[in-house]
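A.B. asks:
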Amino acid sequence: MKIFFKILLWVLIIFSISPLFVFEEFAKSSLIFSYPPRFILAFLSILIFGYFGFQKKSLVSIISIFFFFINIYFIGLNFGNSIESENGFTVLSFNIHNTKEKLSEFKTFCKKNKVDFLILQEVKKRDRRTFSDVLSDYKFYAMNENEEFEHKNYSPFSSVIGIRKSLLTKESFIETAITGYRTFALKIEIQEREIWLVNVHTTKAFYLDKKSSLSDLIEKASDKADWHLKESELLNKWISSKNELPILISGDFNAPFYSSNLNLSGMRNAHSEVGIGFHLTFPRAFPVWGIDHTLGNEKVRFQNYETINFGFSDHKGQLFKIDF
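In our numbering, the protein residues as written are 192 to 515.
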């Protein structure tokens, strides 16, 4: 039994320090070891401590308690420092999971909370017209077009950005597929100020869907992990070329905040600055991962941040306020 708990201790240590695997040769390892929920690792810490007991000068006890607090931190605990201000713009970022049944309630929420920008992932191609009709206060732009939103036959993995029409004074500019897939950028001018809005939907590093087998997961894992890391590299490159303007990046990163994929040059995390509580967004019913994030460069000021359970989708939404 003692050997078993010693093995558990090493498992705990390896998984707990995975965010430190930032070197290129360890990048894939970082992805593999970063995904287990930190709640489980925190519980494992207590289990090991309970077995060995608190003994004076017991290294195992000290290590287990140390990693308990480390994993609590990596759950994304923050005590918030929100700013009350009438100025600024309210943003709702949400992986809507190809759902349109509750759009009327969604519209009511947006109106009540005076949402200015919508950053949405997984809006099915056949539902775009419905979104445009119901959310008629917003002008929509899609991930794979260089002109304003239209109803066309695009991929089901579609992302859109909606801007309140009353705010727009000039034509906006889209850069599509800035990481080679679903992530795209929109430059808008609001009240004579320009800002880049980036809608992120990163490829999962590892996943198993209904049509694939465990062998598919193993065979394709390396390629998927490579592309997951490549998207971060491309996004970093894009940021460095646009940093003269405010940049807001939000969406479904399919990675926790401590992942190397969120180590983006000069970007700050909204939850870490002004959020309150644990940052957990997936799965919605019982969230154990925080994989949806909002980042901004030094020209973006976060005023508040919270996650919202809309009662549909498999993600929670991100509601926050910015100024720039």
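Even glycine gets a Cβ: it sits at the ideal position worked out from N, Cα and C.
By alpha-carbon positions, which one of L455, I208, V479, I365 ends up nearest to S350?
C.D. replies: As a position in the sequence shown, residue 350 is number 159, starting the count at 1. Minimum Cα distance to S350 is reached at I365.
A.B. asks: What does the alpha-carbon distance come out to for the pair S323 and F240?
C.D. replies: On the sequence shown, residue 323 is found 132 positions in, with the first residue counted as 1. On the sequence shown, residue 240 is found 49 positions in, with the first residue counted as 1. Near 55 Å, if we compare the C-alpha coordinates of F240 and S323.
A.B. asks: For N488 and G457, I'd like the C-alpha separation in whole angstroms.
C.D. replies: Translated into positions along the sequence shown, residue 488 becomes position 297. Translated into positions along the sequence shown, residue 457 becomes position 266. Each residue's Cα considered, the two are about 6 Å apart.
A.B. asks: According to DSSP, simplified to helix, strand and coil, what is K507?
C.D. replies: Walking along the sequence shown from the start, residue 507 turns up at place 316. The answer is coil: DSSP assigns K507 none of H, G, I, E or B.
A.B. asks: Relative to the C-alpha of E296, which residue among K315, G502, K512 is closest?
C.D. replies: Position 105 of the sequence shown holds residue 296. Cα-wise, what sits closest to E296 is G502.
A.B. asks: Drop a sphere of 10 angstroms on the beta-carbon of W201, count the other beta-carbons inside from all chains shown, and report buried for 16 or more, exposed for fewer.
C.D. replies: Here residue 201 corresponds to residue number 10 of the sequence shown, with the count starting at 1. The residue is exposed, with fewer than 16 neighbouring Cβ atoms inside 10 Å.
A.B. asks: Might you give, ordered along the chain, the residues of its own chain that have their beta carbon closer than 7 Å to the beta carbon of F230, omitting 5 neighbours on each side?
C.D. replies: Against the sequence shown, residue 230 aligns to sequence position 39. So the list reads I266, V479, once near-sequence residues are dropped.
A.B. asks: Taking I440 as part of the beta strand (DSSP E), name the residues at either end of that continuous run.
C.D. replies: Counting from one through the sequence shown, the residue named residue 440 turns up at place 249. Its beta strand (DSSP E) spans residues 438-443.
A.B. asks: Quick check for students: name the residue ranges of the beta strand (DSSP E) that lie wholly in the segment 351-379, counting only runs of 3 or more.
C.D. replies: Entirely contained in the segment 351-379, the beta strand (DSSP E) runs reaching 3 residues are, in chain order, 364-366.
A.B. asks: For a quick check, are the C-beta atoms of T299 and K512 less than 7 Å apart?
C.D. replies: As a working note, residue 299 is residue 108 in the sequence shown. As a working note, residue 512 is residue 321 in the sequence shown. No, they are not a contact pair.
A.B. asks: Distance, Cα to Cα, L294 vs S327?
C.D. replies: The residue given as residue 294 occupies position 103 in the sequence shown. The residue given as residue 327 occupies position 136 in the sequence shown. Looking at the two C-alpha atoms, the distance is approximately 12 Å.
A.B. asks: With the cut-off set at 7 Å, would you say L309 and G353 are in Cβ contact?
C.D. replies: Translated into the one-based positions of the sequence shown, residue 309 becomes position 118. Translated into the one-based positions of the sequence shown, residue 353 becomes position 162. Yes, the Cβ-Cβ distance between L309 and G353 is below 7 Å.
A.B. asks: Can you tell me whether DSSP reads V479 as helix, strand or coil?
C.D. replies: In the sequence shown, the residue the question calls residue 479 occupies position 288. V479 falls in the coil class under three-state DSSP.
A.B. asks: With distances taken Cα to Cα, identify the nearest neighbour of E385 among V391, R373, F397, S363.
C.D. replies: In the sequence shown, residue 385 corresponds to position 194, counting from 1. Ranking the options by Cα distance to E385, first place goes to S363.
A.B. asks: E275: buried (16+ other C-beta within 10 angstroms of its C-beta) or exposed?
C.D. replies: Numbered from 1 along the sequence shown, position 84 holds the residue referred to as residue 275. By the 10 Å Cβ count, E275 comes out exposed.
A.B. asks: Can you tell me whether E422 is helix, strand or coil according to DSSP?
C.D. replies: As a first step, residue 422 is located in the sequence shown; it is residue number 231 there, counting from the start. Residue state, collapsed to three classes: helix.
A.B. asks: Below 7 Å CB to CB, which residues in the same chain sit around F206 once its five sequence neighbours on both sides are set aside?
C.D. replies: Within the sequence shown, numbered from 1, the residue matching residue 206 stands at position 15. Answer for F206: F224, P227, L232, listed in chain order.
A.B. asks: Exposed or buried, what is Q312 when buried is set at 16 or more other beta-carbons lying within 10 Å of its beta-carbon?
C.D. replies: Locating residue 312 in the sequence shown gives position 121, where the first residue counts as 1. With 16 or more Cβ atoms within 10 Å of its Cβ, Q312 is classed as buried.
A.B. asks: How about the segment 435-448 and the segment 283-290: do they share at least three Cβ pairs that are nearer than 8 Å?
C.D. replies: Yes, since at least three Cβ pairs between the segment 435-448 and the segment 283-290 fall closer than 8 Å, the two stretches touch.
A.B. asks: For F251 and M192, what's the separation of their Cα atoms in angstroms?
C.D. replies: Sequence index remark: in the sequence shown, residue 251 carries index 60 (1-based). Sequence index remark: in the sequence shown, residue 192 carries index 1 (1-based). Here the sequence assigns Val to residue 251, which means Phe is not the residue at that position. Computed Cα separation, rounded: 15 Å.
A.B. asks: Measuring only the C-alpha atoms, how far is E464 from F493?
C.D. replies: Counting from 1 along the sequence shown, the entry for residue 464 is found at position 273. Counting from 1 along the sequence shown, the entry for residue 493 is found at position 302. Looking at the two C-alpha atoms, the distance is approximately 7 Å.
A.B. asks: Taking the straight line between their C-alpha atoms, what separation do you get for E341 and K330?
C.D. replies: Counting from 1 along the sequence shown, the entry for residue 341 is found at position 150. Counting from 1 along the sequence shown, the entry for residue 330 is found at position 139. A caution first: E341 carries a pLDDT of 42, below 50, which makes its placement in the model unreliable, though a value can still be read off. Going from the Cα of E341 to the Cα of K330 covers about 10 Å.
A.B. asks: Less than 8 Å between the CB atoms is what I'm expecting for F168 and H484, so what's the real figure, rounded?
C.D. replies: In the structure as shown, the chain begins at 192 and stops at 515. Residue 168 is therefore absent and cannot be evaluated.
A.B. asks: Out of T472, L425, I379, state which residue places its alpha-carbon closest to the alpha-carbon of Y372.
C.D. replies: For the purposes of this step, residue 372 is identified with residue 181 of the sequence shown, where counting begins at 1. The shortest Cα separation from Y372 among T472, L425, I379 belongs to L425.
A.B. asks: Please list the terminal residues of the continuous alpha helix (DSSP H) segment that includes K298.
C.D. replies: Looking up residue 298 in the sequence shown gives position 107. Counting along the chain, the alpha helix (DSSP H) containing K298 begins and ends at 294-303.
A.B. asks: Give the DSSP-derived three-state secondary structure of K330 in the structure shown.
C.D. replies: Taking the first residue of the sequence shown as position 1, residue 330 is located at position 139. Strand at K330.
A.B. asks: Rank T321, A376, L510, S431 by C-alpha distance to the C-alpha of N495 and give the top, closest one.
C.D. replies: Indexing the sequence shown from 1 puts residue 495 at position 304. That would be L510, whose Cα lies nearest to the Cα of N495.
A.B. asks: Can you tell me whether R355 is buried or exposed, with buried defined as 16 or more other CB within 10 angstroms of its CB?
C.D. replies: Along the sequence shown, one-based indexing puts residue 355 at 164. So R355 ends up on the buried side.
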